[in-house]
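The structure under discussion appears below in the form of structure tokens.
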Amino acid sequence: MELKFNIGPLDRFQSKGDIGQQEMVPSKRSAVLVDGVVLNGPTTDAKAGEKFVEEACRLIMEQVVSKATDISEKVCEWRPPEQLKQLLDLELRDTGEPHHRLLELCQDVIRYSVKTNHPRFFNQLYAGLDYYSLVARFMTEALNPSVYTYEVSPVFLLVEEAVLKKMIEFIGWKEGDGIFNPGGSVSNMYAMNLARYKYCPDIKEKGLSGLPRLILFTSAECHYSMKKAASFLGIGTENVCFVETDGRGKMMPEELERQIWQARKEGAAPFLVCATSGTTVLGAFDPLDEIAEVCERHGLWLHVDASWGGSALMSRKHRRLLHGIHRADSVAWNPHKMLMAGIQCCALLVKDKSDLLKKCYSAKASYLFQQDKFYDVSYDTGDKSIQCSRRPDAFKFWMTWKALGTVGLEERVNRALALSRYLVEEIKKREGFRLLMEPEYANICFWYIPPSLREMEEGPEFWEKLNLVAPAIKERMMKKGSLMLGYQPHRGKVNFFRQVVISPQVSREDMDFLLDEIDLLGRDM
Numbered sequence: 062m063e064l065k066f067n068i069g070p071l072d073r074f075q076s077k078g079d080i081g082q083q084e085m086v087p088s089k090r091s092a093v094l095v096d097g098v099v100l101n102g103p104t105t106d107a108k109a110g111e112k113f114v115e116e117a118c119r120l121i122m123e124q125v126v127s128k129a130t131d132i133s134e135k136v137c138e139w140r141p142p143e144q145l146k147q148l149l150d151l152e153l154r155d156t157g158e159p160h161h162r163l164l165e166l167c168q169d170v171i172r173y174s175v176k177t178n179h180p181r182f183f184n185q186l187y188a189g190l191d192y193y194s195l196v197a198r199f200m201t202e203a204l205n206p207s208v209y210t211y212e213v214s215p216v217f218l219l220v221e222e223a224v225l226k227k228m229i230e231f232i233g234w235k236e237g238d239g240i241f242n243p244g245g246s247v248s249n250m251y252a253m254n255l256a257r258y259k260y261c262p263d264i265k266e267k268g269l270s271g272l273p274r275l276i277l278f279t280s281a282e283c284h285y286s287m288k289k290a291a292s293f294l295g296i297g298t299e300n301v302c303f304v305e306t307d308g309r310g311k312m313m314p315e316e317l318e319r320q321i322w323q324a325r326k327e328g329a330a331p332f333l334v335c336a337t338s339g340t341t342v343l344g345a346f347d348p349l350d351e352i353a354e355v356c357e358r359h360g361l362w363l364h365v366d367a368s369w370g371g372s373a374l375m376s377r378k379h380r381r382l383l384h385g386i387h388r389a390d391s392v393a394w395n396p397h398k399m400l401m402a403g404i405q406c407c408a409l410l411v412k413d414k415s416d417l418l419k420k421c422y423s424a425k426a427s428y429l430f431q432q433d434k435f436y437d438v439s440y441d442t443g444d445k446s447i448q449c450s451r452r453p454d455a456f457k458f459w460m461t462w463k464a465l466g467t468v469g470l471e472e473r474v475n476r477a478l479a480l481s482r483y484l485v486e487e488i489k490k491r492e493g494f495r496l497l498m499e500p501e502y503a504n505i506c507f508w509y510i511p512p513s514l515r516e517m518e519e520g521p522e523f524w525e526k527l528n529l530v531a532p533a534i535k536e537r538m539m540k541k542g543s544l545m546l547g548y549q550p551h552r553g554k555v556n557f558f559r560q561v562v563i564s565p566q567v568s569r570e571d572m573d574f575l576l577d578e579i580d581l582l583g584r585d586m
């Protein structure tokens, strides 16, 4: 290593102010050269950086935030992948590019990105713009914290504790534990692993060898993350038993019990039941009380995936959809969906208060979780996470909750479901539109039947042709940029639209536009 000192004036610090609040100001120092690199002073041009941030923030305000509710703007500016690659100038070069060019690139990114904040974006289980959570995201991006120890993230750890406590209260538990995770899929995986650890604690140190064939049960309408979690954890997808649902997509408790007995008869070891509150496609809510009865009879951990439907707990009118959730051992709940806390904001909540989460996941890293710190180390909660670095996602939800209050969040849920109800009634009135079923949540599933098919007998040819309609309309709406709406086939039913209402920026007029636009785009098919 080359190390050179150019000896000049004495290196020293000049102090200003009182001893308790001294500002240490370095005097002029000679250059220090190490391996050909001059080390004195920062190399970043702070003034130029600040100016770039200021200009970029102005661009975000003008092109994203201010236009978020403007229905005259397009939802998307569709381009095929190869064309978009050329438009975006994705190449990474040896030398940096000037700020004016970076701002042009920022404009291109905004232009060609899907405007999920747009009132006519209905494509996913998230939408809209919450201004308070957005500010919280700006703050956390600027502060760049990692939520594992109190010493590096004091505010955000206390915020997470407060939010988890309040969410636990809404579930109906007197106490509990929890942690925010990067996605409901991860929360479901946490719960599966936690249930397995509770069933056989030795697995943490001794691994899978010598274990019986572990088996879990979940709804045939469950989120696909259950299969992924079983695969990832070494349980195996063949050991996920999918319990049949009724005509509305709800798990059938009697079928659950039959499968549990059958598994035991075959020598397997049941350890977990995962119920769903708000299925992804149909928005179905499993009968939690009846499922809890089955779990208690068989001594099984009950996890409720309420990633989508959990926000109904905020509404006194609609919380009945999750009746019995207080009997669950764990719950996944994503405030970034109906409550618009911004992706991603997902909590796993656990009824246990014996530090089961920490016992299951801790690795006791001595460079982070020292037990002889000068403060209460119980606030160093990072060891109950499988992550090391972890984002302060609870802060986004906390900021929105502080701004709106519980009443405001309740109104957000009630309004979304009232708009859903309005759309259902409009669908019933309009020729060419047909509901799959009466929804109980914000998922409205329906077919659009173009004029050419309305007089056709509903045989195989009818359904084959109808299957082509939703994808063709979706293509047209995206290329036009007028709205975005999801579609899918599902359990023997041909392609249909799934419309989801979330954002408070959505109006009754947007519901009318949705149906008018589908008819306009599809009437010639």
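Numbering (my numbering), first residue to last: 62 to 586.
Every residue gets a Cβ at the ideal spot worked out from N, C-alpha and C, and that includes glycine.
- Proximity winner among Phe-346, Val-334, Val-170 and Lys-541, relative to Val-355 (alpha-carbon distances): Val-334
- Where do the ends of the alpha helix (DSSP H) carrying Gln-320 lie? 314-326
- Query: How long is the line joining the alpha carbons of Arg-172 and Leu-166, rounded to whole angstroms?
  - Reply: 10 Å
- Item | Supposed contact pair Tyr-422 and Asp-444 - C-beta distance, whole angstroms, cut 8 Å | 7 Å
- Verify whether the separation of the beta carbon atoms of Leu-149 and Asp-169 is less than 7 Å. yes
- Message: Do Ala-129 and Leu-225 have their beta-carbon atoms positioned less than 7 Å apart in this structure?
- Response: no
- Query: Where does Gln-185 sit, in a helix, a strand or coil, going by DSSP?
  - Reply: coil
- Query: When you compare each of Leu-343, Ser-280 and Glu-299 to Glu-315 by their alpha carbons, which one comes out closest?
  - Reply: Ser-280
- Query: CA-CA distance, Ile-68 and Leu-94?
  - Reply: No answer about Ile-68 holds up, because its pLDDT of 40 lies below 50 and its placement is not dependable.
- Roughly how far, in whole angstroms, is the beta-carbon of Ala-477 from the beta-carbon of Ile-404, given that I think they are within contact range, below 8 Å? Going by Cβ atoms, the distance from Ala-477 to Ile-404 rounds to 17 Å, so no, they are not a contact pair.
- Based on the DSSP secondary-structure assignment, which residues constitute the bridge partners of His-551? Lys-554
- Ser-368, DSSP secondary structure in three states: coil
- Query: Alpha carbon to alpha carbon, what distance is there between Thr-177 and Gly-583?
  - Reply: 24 Å
- Message: Which of the three DSSP states is assigned to Val-561 in this structure?
- Response: strand
- Message: At the level of alpha carbons, what is the spacing between Leu-164 and Glu-351?
- Response: 57 Å
- Message: Any heavy atom of the ligand MN inside 6 Å of the beta-carbon of Leu-418?
- Response: Although the ligand MN was asked about, the structure shown includes no ligands whatsoever.
- Item | Runs of beta strand (DSSP E) lying entirely within the segment 456-511, each at least 3 residues, in chain order | 494-496 and 504-509
- Coil, strand or helix - Phe-430 by DSSP: coil
- Using the rule of at least 16 other Cβ atoms within 10 Å of the residue's Cβ for burial, across every protein chain shown, is Tyr-192 buried or exposed? exposed
- Less than 7 Å separating the beta-carbons of Ser-368 and Gly-239? no
- Query: Does the beta-carbon of Ala-373 have 16 or more other beta-carbons within 10 angstroms, so that it is buried, or is it exposed?
  - Reply: buried
- Sort out for me which residues DSSP pairs Pro-331 with in a bridge. Ile-276
- Item | Of the residues Ala-324, Asp-577 and Glu-522, the one placed nearest Ile-488, counting alpha carbons only | Asp-577
- Message: Suppose the cutoff is 6 Å on Cβ atoms and the five residues either side in sequence are ignored; what does the same chain contact list for Phe-303 look like?
- Response: Ala-281
- Skipping 5 residues on each side, what residues in its chain have a beta carbon closer than 7 Å to that of Val-567? Pro-180 and Leu-480
- Rounded distance between the beta-carbons of Met-401 and Ser-194, thought under 8 Å: 7 Å
- Could you please give me the residues that DSSP links to Cys-449 through a beta bridge? Cys-449 is not bridged to any residue.
- Message: So that I know if they touch, is there some Cβ in chain D lying closer than 7 Å to that of Glu-266?
- Response: Going by chain labels, chain D is absent from the structure shown, which holds only one protein chain.
- By the 10 Å Cβ neighbour count, where 16 or more other Cβ atoms means buried, how is Lys-108 classified, buried or exposed? exposed
- Message: Only counting the same chain, and skipping five residues up and downstream in sequence, which positions put a Cβ closer than 6 Å to that of Phe-231?
- Response: Leu-374
- Item | 8 Å contact criterion, which Asn-300 and Arg-274 should meet: CB distance rounded | 7 Å
- Do you know whose CA, among Asp-571, Lys-554, Met-545 and Arg-309, lies nearest Leu-186's CA? Met-545
- Item | Glu-212 to Ala-188 span [Cα, whole Å] | 35 Å
- Message: For the pair the segment 107-124 and the segment 133-153, tell me if three or more CB-CB distances fall below 8 Å.
- Response: no
- Message: For Tyr-483, tell me which candidate among Asp-571, Met-460 and Lys-398 has the shortest Cα-Cα distance.
- Response: Asp-571
- From Gly-360 to Val-216, what does the alpha carbon distance come to, in whole angstroms? 39 Å
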